[in-house]
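To keep things clear, I will list the structure first and then write my remarks on it.
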Amino acid sequence: MREEEANSDCPVLGITGPYCSGKSTLAQELTRRGWVQIEVDRLGHESLARKKNEIVTEFGSAVLSPDGTSVDRKKLGSLVFSDPRRLEQLENIVHPDMKARSEELIREYRQSQDLPTGILLNAAILFKMELESLCDAVIWVSAPLPLRIIRARKRDGLSWKELFRRFSAQKKLRPQLAPGNVDMYKVDNLQKGRAVRRIERIVRDRLWNRTKPT
Ligand SMILES: CC(C)(COP(=O)(O)OP(=O)(O)OC[C@H]1O[C@@H](n2cnc3c(N)ncnc32)[C@H](O)[C@@H]1O)[C@@H](O)C(=O)NCCC(=O)NCCS
Ligand SMILES: Nc1ncnc2c1ncn2[C@@H]1O[C@H](COP(=O)(O)OP(=O)(O)OP(=O)(O)O)[C@@H](O)[C@H]1O
19 MREEEANSDC PVLGITGPYC SGKSTLAQEL TRRGWVQIEV DRLGHESLAR
69 KKNEIVTEFG SAVLSPDGTS VDRKKLGSLV FSDPRRLEQL ENIVHPDMKA
119 RSEELIREYR QSQDLPTGIL LNAAILFKME LESLCDAVIW VSAPLPLRII
169 RARKRDGLSW KELFRRFSAQ KKLRPQLAPG NVDMYKVDNL QKGRAVRRIE
219 RIVRDRLWNR TKPT
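Going by the working numbering, the residue at position 38 of the sequence shown is 56; the numbering climbs one at a time, nothing skipped.
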């Protein structure tokens, strides 16, 4: 976060972590407490429409819906989630647009009459997209792998093969070294009430008071 843009009245909190750790569940709880949420997954879906022509040039018209008016996410997903090179090609097309839109939304929320408690930037691949540069602090949501598998099977009903692909596509989400430019806090999401209270404590004690992370 650049100094001149920092706004302690309305901080930006990155929410990241692996597939089915419970990022959206915790973000949803915080929106009931005055926060607003930017769902970066959703910005990605909007980008597919804006970047349709580039996507067709790269992946062919086979990734379009039968009437040719929109990108079929399931078709594109099965192409890119089984081939890291193809995923990178898609990311090169949509990520700059998604990042620009995130910046625009943060600006809009901070200028709104009804200033929120803070802004949650919810993105599984926050670090890969370098979105931490927009955040005052980042929450790393974690949950044990067996629990995430149970949650994923229940929520998405994927086959074991599809599940394996999803988990593999997200192997390197967490930076190997502590990110130098943003404070990151790990929150275990076993019980959502406890996890939300921990996030609120972090914001109150660490973010607003600006001391070092533990
Ligand atoms: C490939 C696409 C079309 C599939 O769409 P679909 O609706 O089927 O899946 P959805 O978007 O809900 O994503 C499913 C899961 O995959 C994860 N995922 C999506 N994109 C990526 C990625 N680039 N790298 C790793 N995981 C990803 C999501 O976080 C989610 O957990 C879509 O995910 C996409 O356009 N991805 C590229 C944009 C992106 O990076 N989005 C992630 C922002 S956090
Ligand atoms: N603390 C919890 N206790 C019980 N179930 C939970 C908890 N947190 C999340 N879940 C459940 O686990 C599933 C995944 O949660 P959620 O959608 O919040 O994960 P996510 O990390 O945002 O997923 P994705 O990686 O796909 O974006 C959901 O069905 C949700 O209801």
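Virtual Cβ for every residue (Gly too), placed ideally from N, Cα, C.
Contacts around residue i, its chain only, beta-carbon distance under 8 Å, and the 5 residues preceding and following it disregarded
i, result
"E21", "The predicted position of E21 is uncertain, since its pLDDT is 43 and thus under 50; a value taken from the coordinates is nonetheless stated next. Taken in chain order, the list of residues that qualify is empty."
"K41", "I33, T34, G35, N140, A142 and V159"
"V205", "L44, I157, W158, V159, S160, A213, R216, I217 and I220"
"E72", "I111"
Cross-strand partners of residue i (DSSP beta bridge)
i, result
"V30", "I137"
Proximity winner among the options, relative to residue i (alpha-carbon distances)
i, options, result
"K153", "R166, N199 and E57", "First, the amino acid is wrong: residue 153 is Cys here, not Lys. Ranking the options by Cα distance to C153, first place goes to N199."
"R166", "Y37, L225 and R104", "Y37"
"P164", "E148, F182, E150 and F145", "F182"
"Q188", "D174, S100 and E122", "S100"
"L176", "N71, S96, L82 and V81", "S96"
"T75", "R192, G62, V89 and P84", "V89"
"E106", "R169, K179, K146 and V30", "K146"
"G211", "R51, I73, R103 and L31", "R51"
"D68", "V30, Y127, D115 and Q55", "This sequence places Arg at residue 68; Asp is not what is there. Answer by Cα proximity: D115."
"L149", "Q129, K117 and Y203", "K117"
"S39", "R173, R224 and K179", "R173"
Proximal residues to residue i (C-beta, below 7 Å), its chain only, five neighbours per side dropped
i, result
"K230", "Since pLDDT at K230 reaches only 44, below the 50 mark, its modelled position is unreliable, and the value read off the structure follows with that caveat. If we look at K230 and ignore the five residues flanking it on each side, it has no Cβ neighbours."
"Q55", "A45, T49, L138 and N140"
"T232", "Unreliable positioning characterises T232 in this predicted model, as indicated by a pLDDT of 47, which lies under 50. A coordinate reading is not provided."
"S83", "D90"
"P134", "C28, G52, W53, V54 and Y127"
"E47", "K210 and V214"
6 Å Cβ shell around residue i - same chain, five flanking residues per side excluded
i, result
"L108", "V98"
"K93", "V81"
"R119", "L61"
"E23", "Residue placement at E23 cannot be trusted, given a pLDDT of 46 that sits under 50; what the coordinates show is reported in the next sentence. Correct list: empty, nothing qualifies."
"L123", "I56"
At what residue ranges does the stretch 54–125 contain a whole run of the alpha helix (DSSP H), taking only runs of 4 or more? 58–68, 70–77 and 91–98
Which residue spans inside the stretch 131–213 form an unbroken alpha helix (DSSP H) run of at least 4? 163–174 and 178–187
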